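Numbering (the working numbering), first residue to last: 15 to 304. The beta-carbon is built from N, C-alpha and C at its ideal position, and this holds for glycine as well. Remember, predicted model here, so these are calculated numbers, not experimental data. What follows is a set of notes on a single structure, which appears directly below.
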Ligand SMILES: [Zn+2]
């Protein structure tokens, strides 16, 4: 049990007490479950944003624990379905896992907690910025902190973050937002081009999460929109300001539908991609001359 910490946040204190009573039985069952392993800390933050959702969570806990809960025993599946329909862009569960030697890294628990708060705050914002007809992003997110090469990567609804990177760049919470965007994007497997995917992820980061952090200046004679990340993000921000404030939302929609073609730029901004890029990079050439 000491390896597991469960944090419940909600405004309905009566129900919180009920969850607390049920928790001990629930934890014993969790300990017997195979997915709880030694040297793994799991923090589950259940996000109850409204009363109905709290009721559903209590019911599910009661079912798992085998505890009678007669008032909430009517058609739980149907209730849950209704909530999903009404609130397609809400985060319903956030799981934070710190594993292996990451458990012993100084400050990791505090950093993980801040990352969790950031995900909670930016999930609905990002989902709204990247909404498209008939699409619902995954409602559950997992973050795993571990020793690994690189900075971070995302597979479906799970973000993996390098603890070595956090040690070197403890202020880099923008990276967490970037990875969250990939979960919200949920583009089909093998969708392309990758520079658009990464450009949109950094666009959300730099246009919305940290708009006051200046993007690095590009070399207009060497840079390409295919460079992805910050370079492409800067290009998209410029297109939105000059041509269409909903440019990225529309671009995201065609990426989800796997109907993207470079002609999208001509349809959205009235100029082809290469001409747009030249116009954008000319702004840097003019600045260099002044
Ligand atoms: Zn990325």
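- If you draw a straight line from the Cα of residue 283 to the Cα of residue 171, it is about 33 Å long.
- A distance below 8 Å separates the beta carbons of residue 194 and residue 133.
- Shown here, residue 159 sits in a strand according to DSSP, grouped into three states.
- At least one heavy atom of ligand 1 sits closer than 7 Å to the Cβ of residue 196.
- Membership of residue 132 in the alpha helix (DSSP H) is indicated by the continuous run 122-143.
- With contacts defined by Cβ atoms closer than 8 Å, residue 211 and residue 223 do not form a contacting pair.
- DSSP, read as helix, strand or coil, puts residue 169 in strand.
- A direct Cα-to-Cα measurement between residue 303 and residue 154 gives close to 50 Å.
- Between the C-alpha atoms of residue 112 and residue 103 there is a straight-line separation of about 26 Å.
- Cα atoms of residue 246 and residue 217: separation of roughly 8 Å, rounded to the nearest angstrom.
- Straight-line measurement puts the Cα of residue 135 at about 11 Å from the Cα of residue 128.
- Counting other Cβ atoms within 10 Å of its Cβ, residue 254 reaches 16 or more and is therefore classed as buried.
- The same chain holds no residue with a CB closer than 6 Å to that of residue 182 once the five nearest residues on each side in sequence are set aside.
- Ligand 1 approaches residue 192 closely enough that one of its heavy atoms is under 7 Å from the residue's Cβ.
- Rounded to the nearest angstrom, the gap between the Cα atoms of residue 126 and residue 110 is 7 Å.
- Counting the other Cβ atoms within 10 Å of the Cβ of residue 266 gives 16 or more, which makes it buried.
- According to DSSP, residue 154 shares a beta bridge with 107.
- The C-alpha of residue 180 is placed about 7 Å away from the C-alpha of residue 186.
- Residue environment for residue 277: exposed (fewer than 16 other C-beta atoms within 10 angstroms of its C-beta).
- Nearest to residue 162 by C-alpha distance, out of 176, 169, 115, is 176.
- Residue 105 sits away from residue 263, with the two beta carbons spaced by 8 Å or more.
- For residue 201, no alpha helix (DSSP H) run applies, since DSSP gives it neither H nor E.
- The alpha-carbon of residue 145 is positioned some 24 Å away from that of residue 166.
- For residue 248, the number of other beta carbons within 10 angstroms of its own is at least 16, and it is reported as buried.
- Of the heavy atoms belonging to ligand 1, at least one sits nearer than 7 Å to the Cβ of residue 215.
- Under the three-state reduction of DSSP output, residue 113 falls in the strand class.
- Residue burial annotation: residue 297 is exposed, with fewer than 16 other C-beta atoms found within 10 angstroms of its C-beta.
- Straight through space, the alpha carbons of residue 270 and residue 207 are spaced by roughly 12 Å.
- Under the DSSP assignment, residue 210 falls in the alpha helix (DSSP H) whose first and last residues are 208-217.
- For residue 224, the Cβ stays outside the 7 Å cut-off from all heavy atoms of ligand 1.
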